[in-house]
Amino acid sequence: MNSPVAHPIHAYPDHHHGHDVGERLYLHRHSPVHAIPAQPKIIASLAFIIVVISTPITNWQAFLAYFAIIIATTQIAQLPLKTVATRSVIEVPFIFFALLMPFFGKGNTIDLGPFTLYENGLLAGVAIVAKGTLGILVAINLSATTTARQLLRGLELLKLPAMMVQIASFMLRYVNVVNDEMERMKVARESRGFQATGIKHWRVLATAASALFIRSYERGERVHLAMLSRGFDGNIPSLENHTPTPRQWLMALALPASALLTFAITSVLR
Amino acid sequence: MTQTSLEIKDLAFAYPDGNQALFGVNLTIAKGERVALLGPNGAGKTTLVMHMNGIHPTAHGSVKISGELVDTANKESLQRIRSKVGIVFQDPDDQLFMPTVGEDVAFGPYNMGLRGAELDAVVDKALAQVGMSEFKTRPPHHLSFGQRRRVAVATVLAMKPEILVLDEPSSNLDPASRRELADILRSLDITMVMVTHDLPYAYELCERSVILSGGIIVADDITHAILTNESLLKTNRLELPVGFSISQRV
Chain A
1 MNSPVAHPIH AYPDHHHGHD VGERLYLHRH SPVHAIPAQP KIIASLAFII VVISTPITNW
61 QAFLAYFAII IATTQIAQLP LKTVATRSVI EVPFIFFALL MPFFGKGNTI DLGPFTLYEN
121 GLLAGVAIVA KGTLGILVAI NLSATTTARQ LLRGLELLKL PAMMVQIASF MLRYVNVVND
181 EMERMKVARE SRGFQATGIK HWRVLATAAS ALFIRSYERG ERVHLAMLSR GFDGNIPSLE
241 NHTPTPRQWL MALALPASAL LTFAITSVLR
Chain B
271 MTQTSLEIKD LAFAYPDGNQ ALFGVNLTIA KGERVALLGP NGAGKTTLVM HMNGIHPTAH
331 GSVKISGELV DTANKESLQR IRSKVGIVFQ DPDDQLFMPT VGEDVAFGPY NMGLRGAELD
391 AVVDKALAQV GMSEFKTRPP HHLSFGQRRR VAVATVLAMK PEILVLDEPS SNLDPASRRE
451 LADILRSLDI TMVMVTHDLP YAYELCERSV ILSGGIIVAD DITHAILTNE SLLKTNRLEL
511 PVGFSISQRV
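For the protein sequence lines, the chains are A and B, in the order given. One point on numbering: in the numbering used here, the residue at position 135 of the first sequence is 135, and numbering is uninterrupted. One point on numbering: in the numbering used here, the residue at position 224 of the second sequence is 494, and numbering is uninterrupted.
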């Protein structure tokens, strides 16, 4: 007989499942990675990337370990590999350039079937693909386990200039409103028989985009008025404050630390 | 002697493009009164409201809030005025810009210098007044339009204003939300100015009405007298809904 499983209490009050525009990357899970506040995760991700890009590509054993580490993190965070793989597709345009690199360069060449590849170009290409993929995977881990709200809060606590945090948080608040407005305009266009099929319709779409821009601009002015009416003087309060525990810092920093350790060991062994 | 919440004298205003919106408005509202500000589109209602808390600087005439002159040059006084005049804007999405309902309600009192437990208490009370306590941690985008309008009222109530100014409070509300909001507004012990085209709503909530038309106050009387004066309504492009009638006797 199945015993009823108590639903775990989530660490954050903004417990939601991420269906909004601006929150689409977040995957709601109750994992240890999700429970860590944003600032250790941001620092850890950044540090991991720094270790990765500092590793020479010729140290290929280290890269194997890096991939293993990041895949393990994905598993601890309970992120489906399929979703992670799908999101990695964003990297494709960058890989495209990396694929061209072996064909250009100087020095030693390798003959591979009909192609003549330059050795240093090949290495540079592989380095871009490997380091880029690792960077993307870390970013996917961060964005899938942290809501955009928490990220902003984390950046604020990490002393990113308040103005930048405010702009980003307004964007987050209004991206839904603007998106709804855009949807309504689209429905209104299509209700009058408009279907964008080709370049000849771009004029209509451009007009709609400019109308949306003007509307958003005017809304910005109205929001500002409403803020002034409530005594706004340049400071936006920040209320909730999740101070990460030392344990959470340790957990987050285990990611770059294990990468650094790998780097050290593989460098010594060579 | 009754205290005066709002006193407007000879207020005139022209926009920078030369378009004159107000031509000498005189309006006095006593403490605790609920007054409907009626008038056709483009009568200058919003412009008048924007003068009440110094968003528009007073070019000619004077505006006083419980005796204090609205002076946009005096920053300290202006901050005080803005805490005394709570404006609920028509589109709640313009008003609710913080990530969660609770933070948005806290925005005004925070600017007034409240912090910590005191701030929390004010936020909780304001949300309770509009029956939205359980939505404190929700993002505004997840709320229905009627709920967002109620939160917008709470954001202003949290500042403990002397006067509550509502711009078209009943617009876009379904009948139940419209009634719920009326119940909330009626429960508040506060001076209220309600800008509206919704004459039955004005009748329900406000004992006194003024009509602003062409930039001046053309009528100022008890709501019953104004709404039963057909020719007055007609000349000012105001109409009662079809089938709605007010008995001639009070």
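In this text, a Cβ means the ideal position worked out from N, Cα and C, and glycines have one as well.
Annotated three-state conformation of residue 118(A) is strand, per DSSP. Secondary structure remark: continuous alpha helix (DSSP H) runs of at least 4 residues inside the stretch 411–470 of chain B, in chain order: 415–427 and 445–457. DSSP places residue 75(A) in the uninterrupted alpha helix (DSSP H) bounded by 60–76.
Short of 6 angstroms from the beta carbon of residue 158(A), and not among the five residues preceding or following it, lie these beta carbons of its own chain, in chain order: 39.
Contact between residue 425(B) and residue 372(B) does not hold, since the beta-carbon distance rounds to 10 angstroms and is not under 8 angstroms. Under the 10 Å beta carbon count, residue 509(B) is surrounded by fewer than 16 other beta carbons and is classified as exposed.
For residue 352(B), the residues of chain A that pass the 8 angstroms Cβ criterion are 228, 229, 230 and 231, in the order they occur in the chain.
Residue 418(B) counts as buried, since at least 16 other C-beta atoms from the protein chains shown sit within 10 angstroms of its C-beta. Under a 10 Å Cβ-count criterion, residue 153(A) is classified as buried, with 16 or more other Cβ atoms of the shown protein chains found around its own Cβ. DSSP places residue 109(A) inside the beta strand (DSSP E), whose first and last residues are 109–112.
When Cβ-Cβ separations below 8 angstroms define contact, residue 172(A) makes contact with chain B. Near chain A, meaning a CB-to-CB distance below 7 angstroms, the residues of the stretch 316–332 of chain B are 323 and 325. In the DSSP annotation of this structure, the continuous segment of the alpha helix (DSSP H) that includes residue 86(A) starts and ends at 81–88.
Residue contact check for residue 222(A) against chain B: a CB pair falls below 8 angstroms. The Cβ atoms of residue 332(B) and residue 273(B) do not sit closer than 8 angstroms to each other.
DSSP places residue 296(B) in the uninterrupted beta strand (DSSP E) bounded by 290–300. Under the Cβ distance rule, residue 237(A) counts among the residues neighbouring chain B, one pair being separated by less than 8 angstroms.
In terms of Cα proximity to residue 242(A), the closest of 23(A), 36(A) and 25(A) is 36(A). Residues of chain B whose Cβ lies closer than 9 angstroms to the Cβ of residue 216(A) do not exist, since the nearest Cβ in that chain is about 11 angstroms away.
With a threshold of 8 angstroms between beta carbons, residue 373(B) makes contact with chain A. Judged by their CB atoms, residue 451(B) and residue 410(B) are not nearer to each other than the 8 angstroms cut-off. Going by C-alpha positions, residue 292(B) is about 5 angstroms away from residue 282(B).
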